[in-house]
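K.L.:
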Amino acid sequence: MQIQLNNVSFTYEKKKRKTTSFLAPPVLNQLHITIKSGEMLAIAGKSGSGKSTFLQLLKGFLAPTTGNVLLDDIDPNSSRKPELFDQVGYIFQYPEHQLFSTTVFDDIAFGLQSAKLPKEIKEQKVRKAMEVVQLDYEEFKDRSPFELSGGEKRRVAIAGVVVLEPKLLILDEPTAGLDLPSRTALFQLLHQMNEEQGLTIIWVSHQLDEIVNHASRLLALKNGIFIADGSPVTTLSDPELLESFGWEEPSALVVSRMLRQFGITSSNGKLSPEEAADAISLILNQQQILVK
């Protein structure tokens, strides 16, 4: 799914001060941007920069104050087709907090209730969604979601959105509260969904190394305006940009830059943790040989 924002601004409702009414400052200000189908797009910015508001506009929870949001060239708001927003899956931060059913199956199938599908079709869809998020159907379908690990709970929550077959998946800080193995597994899953199903993935993150390692594109949001848009490696190597946000250069880029001094480079400007570890081991071995 392709998304276009044409001069989109958003301002929350008028506030009143005694007898005078006035508009609050815009949360988002004249955004003009295109998100292509199949992108792995990360959004970063300080708290209060407008990230959550931006996500809610893409899902249709909010309508622009000015401008329009197009989903595959159609404006669901002006065309009175809000059902188009159903093609956008939205995963809230800590989605496991919204789990409520007694079994994993019922939690995942909840969004299908209004469709009144035959039992067999519903089961097929739940099976497929669980397969996508790599949860074994027979092992997990009858288990209580509250007895699962944090990573498993998040997979159940994602399956509850995937079962609706969205074309775009939005995640608000998807790795918050997860340990390293769960974070790694979650992004393996997101990359698989992106590559095998062509699903557009958009997520908000405060973890710059996460963005460098997993995003194909970064939008940096400040005071309701995108002040940077491009490759995470290029964008997060810009000292002026880092200083404007008070960010430190991601460790992955620091290590890659240091290794370049030893002639070790990569085609995309960064080394994976495994590649960096191998390179450092090689350098240390060479140094030991020289000392001997």
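Take the sequence shown: its position 10, counting from 1, is numbered 10 in full-length UniProt numbering, and each next residue is one higher. A virtual CB, placed ideally from N, CA and C, is assigned to each residue, including glycine.
Could you give the uninterrupted runs of the beta strand (DSSP E) lying entirely in the region 127-180, keeping only those of 3 residues or more?
P.N.:
168-172
K.L.:
Please classify LEU219: does DSSP put it in a helix, a strand, or coil?
P.N.:
In this structure, LEU219 counts as strand in the three-state DSSP scheme.
K.L.:
Kindly indicate which three-state DSSP category GLN2 falls into: helix, strand or coil?
P.N.:
coil
K.L.:
Give every residue of the same chain whose Cβ lies closer than 7 Å to the Cβ of GLY160, excluding the five residues on either side of it in the sequence, and list them in chain order.
P.N.:
Excluding residues within five positions, the ones whose Cβ falls inside 7 Å are ASP107, ILE108, PHE110, GLY111.
K.L.:
Roughly how many angstroms separate the alpha carbons of ASP86 and VAL133, rounded to a whole number?
P.N.:
Distance between ASP86 and VAL133, taken at the CA atoms: about 20 Å.
K.L.:
Give me the Cα-Cα distance between PHE105 and PHE140, rounded to the nearest whole angstrom.
P.N.:
8 Å
K.L.:
How far does the alpha helix (DSSP H) with ALA63 in it reach, from first residue to last?
P.N.:
Neither: ALA63 is in no alpha helix (DSSP H) and is coded neither H nor E.
K.L.:
Give every residue of the same chain whose Cβ lies closer than 6 Å to the Cβ of GLN113, excluding the five residues on either side of it in the sequence, and list them in chain order.
P.N.:
none
K.L.:
Is GLU39 buried or exposed, if buried means 16 or more other CB atoms sit within 10 Å of its CB?
P.N.:
buried
K.L.:
By the 10 Å Cβ neighbour count, where 16 or more other Cβ atoms means buried, how is LEU5 classified, buried or exposed?
P.N.:
buried
K.L.:
CB-CB under 8 Å to ARG217, same chain, minus the five flanking residues each way: which ones, in chain order?
P.N.:
GLU39, MET40, LEU41, ALA42, ASP229, GLY230, SER231, PRO232
K.L.:
Inspect the beta-carbon positions of residue 328 and VAL204 and report whether they are closer than 7 Å.
P.N.:
With the chain represented from 1 up to 292, any question about residue 328 goes unanswered, as that position is not in the structure.
K.L.:
With distances taken Cα to Cα, identify the nearest neighbour of ASN68 among LYS59, PHE61, SER78.
P.N.:
SER78
K.L.:
What's the gap between the Cα of ILE225 and the Cα of LEU28?
P.N.:
6 Å
K.L.:
Would you mind working out which of VAL162, SER244, LEU259, GLU152 sits nearest ALA129, comparing C-alpha positions?
P.N.:
VAL162
K.L.:
Beta carbon of residue 295, beta carbon of PHE54: below 7 Å?
P.N.:
With the chain running from 1 to 292 in the structure shown, residue 295 is simply not present.
K.L.:
Looking at residue 295: is its Cβ nearer than 7 Å to the Cβ of LEU208?
P.N.:
One cannot answer for residue 295 here, as it falls past the ends of the chain, which runs 1 to 292.
K.L.:
Under three-state DSSP, which class holds PHE100?
P.N.:
coil
K.L.:
How long is the line joining the alpha carbons of GLY45 and MET1, rounded to whole angstroms?
P.N.:
Distance between the alpha carbons of GLY45 and MET1 is about 24 Å.
K.L.:
In whole angstroms, what separates the C-alpha of THR66 from that of LYS36?
P.N.:
Their backbone Cα atoms lie some 22 Å apart in a straight line.
K.L.:
Tell me the rounded alpha-carbon separation between ALA220 and HIS206.
P.N.:
11 Å
K.L.:
Rounded to the nearest angstrom, what separates GLU196 and GLU165 at their Cα positions?
P.N.:
14 Å
K.L.:
Going by DSSP, what residues sit across from ILE225 in a beta bridge?
P.N.:
LYS222
K.L.:
Count the C-beta pairs between the region 113-125 and the region 143-161 that are closer than 8 Å, then say yes if the count reaches three, no if not.
P.N.:
no
K.L.:
Determine the burial state of ILE3: buried for a count of at least 16 other Cβ atoms within 10 Å of its Cβ, exposed for fewer.
P.N.:
buried
K.L.:
Pick helix, strand or coil for ASN194, following the three-state DSSP scheme.
P.N.:
helix
K.L.:
For LEU259, is the classification buried or exposed, using 16 other Cβ atoms within 10 angstroms of its Cβ as the cut-off for buried?
P.N.:
Buried, by the Cβ-count rule.
K.L.:
Assuming THR103 and ASP142 make a contact with CB atoms under 8 Å, what is their CB distance in whole Å?
P.N.:
5 Å
K.L.:
Report buried or exposed for THR200, applying the criterion of at least 16 other Cβ atoms within 10 angstroms of its Cβ.
P.N.:
buried
K.L.:
With DSSP run on the structure shown, which of helix, strand or coil describes ALA24?
P.N.:
Here ALA24 sits in coil by DSSP.
K.L.:
CA-CA distance, GLU13 and LEU62?
P.N.:
12 Å
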